[in-house]
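Participant:
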Amino acid sequence: MYYRLITSLLKYKDLDITSILLNEGKLADEVRKLGISVTVVDETRFNTLQIVKKIRQNIKHLSPDIIHSHRRKENILAYYSVRPGNKIQMVCTQHGMSEPLNYNIKRLQNVALSKYNLYIMSKYFKRVIAVSEDIKNNFIQNYGFKIDNVLLIHNGTNVPDISSFNKDDNIYVIGSAGRLFKVKDYPLMVEIAREISQKTDKIKFVLAGDGPERETILDMVKKYKIEKTFILTGFIDNMNNFYNDLDLYINTSLHEGLPMSILEAMSHGLPVVAPRSGGIPEILKNGLHGFLVDARNPKMFAEKCLQLYWDRALSRRMGDASREKIIDEFSLEKMAEKYYNLYVNILNTSAVISK
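Under my numbering, residues 3 to 357 are what the sequence shown spells out, in order.
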């Protein structure tokens with residue numbers, strides 16, 4: 003999301019973009035390739051105070067007008083790195099709500115940090131961008147954020163050229179991609195695959211991604227003896243090829259902000275089966291772009307998947323409608339324009355107040 007945002011903002015020549023990251027790696031390399039100045043403050047080498055000091059030094063050198071942070075940790079670091087009285091405006095994007103942890107101590111720490119993050123967001127950030135109406139309403143109704151302080155900007159994605167790609171009609175592939183974390187509830191996807199395997203052996207499931215739940219998922223796949231039809235690919239670098247190989251995209255998350263994977267799948271002309279959760283209904287209209295499932299019941303998910311498997315014409319119509327939805331409402335260009343207008347509005351408002 004971060005990479006796509008700054009990539010799409012490059013067309014605005016009056017913006018001077020620089021990047022501060024907490025790790026070296028692929029993201030840093032790709033951002034540098036864009037010609038954007040990157041400073042890495044390695045969180046594996048420095049403690050929190052050292053990180054804040056180095057970011058402050060960078061801010062002093064760059065003298066930015068706006069700092070835009072993403073995620074809880076980055077929000078807190080931004081707050082402590084901008085000295086009191088500084089005229090730099092802070093904005094942040096909230097991509098989802100806090101994920102619960104199992105371990106008691108970590109859970110308490112997580113809750114405390116989340117509450118502190120919400121406090122500084124509501125009090126010190128000029129604008130808080132919610133990527134879904136669900137998150138926006140959560141901030142206002144449950145956490146007391148001022149309506150004027152929270153702005154809705156949906157995530158956007160690029161729309162690939164798929165005109166030359168032809169799927170094999172003899173193979174029907176259902177796929178999903180994401181971090182193998184508990185909040186994604188991929189064990190439910192395994193249960194769905196088990197239900198479907200009892201009806202037909204002509205459907206293949208592919209799960210892309212890595213994470214701490216991998217062994218749990220693999221154990222379930224072995225237990226249900228569906229190793230031949232449920233494949234875990236691990237991390238995939240070329241996601242375009244992944245989506246091109248699918249006929250249907252499935253999401254099983256307990257909660258989502260505005261999931262990039264669903265946007266990407268729809269941009270590739272795929273129908274989607276997903277829970278009626280978080281911001282998903284803001285993207286996916288039930289019966290038009292796929293199906294929304296109200297209960298976390300594998301049989302209900304399986305029923306919708308099988309309906310699209312048996313009715314290929316319906317599957318293609320929904321896929322076409324999904325792609326049109328992305329083009330019309332969730333393109334990178336539309337997202338970038340909204341962020342650009344936000345930055346300009348903040349600077350213009352600040353200039354008037356300072357006068």
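Built from N, CA and C at the ideal position, the CB exists for glycine as well. This one's a predicted model, so the numbers in the text were calculated from it and none came from an experiment.
Check for me: the alpha helix (DSSP H) holding residue 180 runs from which residue to which?
Facilitator: Looking at the DSSP string, residue 180 is not in any alpha helix (DSSP H), and its letter there is neither H nor E.
Participant: Decide if residue 214 is buried, meaning its Cβ has at least 16 other Cβ atoms within 10 Å, or exposed.
Facilitator: Exposed: under 16 other Cβ atoms inside 10 Å.
Participant: For residue 96, count neighbouring Cβ atoms within 10 angstroms of its own Cβ and tell me buried if that reaches 16, exposed if not.
Facilitator: Buried, since its Cβ has 16 or more Cβ neighbours within 10 Å.
Participant: Measuring straight from C-alpha to C-alpha, what distance separates residue 223 and residue 43?
Facilitator: Near 40 Å, if we compare the C-alpha coordinates of residue 43 and residue 223.
Participant: Just to check my reading of the structure: residue 41 and residue 60 have Cβ atoms closer than 8 Å, yes? What is that Cβ distance to the nearest angstrom?
Facilitator: So it is a contact: roughly 5 Å between Cβ atoms.
Participant: Who does residue 196 pair with in a DSSP beta bridge?
Facilitator: For residue 196, which the question treats as bridged, DSSP gives no partner whatsoever.
Participant: Rounded to the nearest angstrom, what separates residue 178 and residue 257 at their Cα positions?
Facilitator: Going from the Cα of residue 178 to the Cα of residue 257 covers about 15 Å.
Participant: Can you give me the C-alpha to C-alpha distance between residue 276 and residue 190, rounded to a whole angstrom?
Facilitator: For residue 276 and residue 190, the distance between alpha carbons rounds to 11 Å.
Participant: Going by the DSSP bridge assignment, what does residue 276 pair with across the sheet?
Facilitator: Bridge partners of residue 276: 294.
Participant: Decide if residue 313 is buried, meaning its Cβ has at least 16 other Cβ atoms within 10 Å, or exposed.
Facilitator: By the 10 Å Cβ count, residue 313 comes out exposed.
Participant: Quick one: is residue 119 buried, meaning 16 or more other Cβ sit within 10 Å of its Cβ, or exposed?
Facilitator: Burial call: buried.
Participant: Considering only the beta carbon of each residue, do residue 64 and residue 176 sit closer than 9 Å?
Facilitator: Not closer than 9 Å, so no.
Participant: Among the candidates 22, 267, 229, whose CA atom is the shortest distance from the CA of residue 246?
Facilitator: Of 22, 267, 229, the residue nearest in Cα terms is 267.
Participant: To the nearest angstrom, how far is it from the Cα of residue 269 to the Cα of residue 62?
Facilitator: So the alpha carbons of these two residues sit roughly 41 Å apart.
Participant: Per DSSP, what kind of secondary structure is residue 47 in: helix, strand or coil?
Facilitator: DSSP places residue 47 in coil when its eight states are reduced to three.
Participant: Check whether the region 291-301 touches the region 192-209, taking contact to mean three or more Cβ pairs, one atom from each stretch, closer than 8 Å.
Facilitator: Yes, the region 291-301 touches the region 192-209.
Participant: Residues bridged to residue 263 by DSSP?
Facilitator: DSSP output for residue 263 lists no bridge partner at all.
Participant: So, is residue 80 buried or exposed, given that buried needs 16 or more other C-beta atoms within 10 angstroms?
Facilitator: Its Cβ being crowded by 16 or more others within 10 Å, residue 80 is buried.
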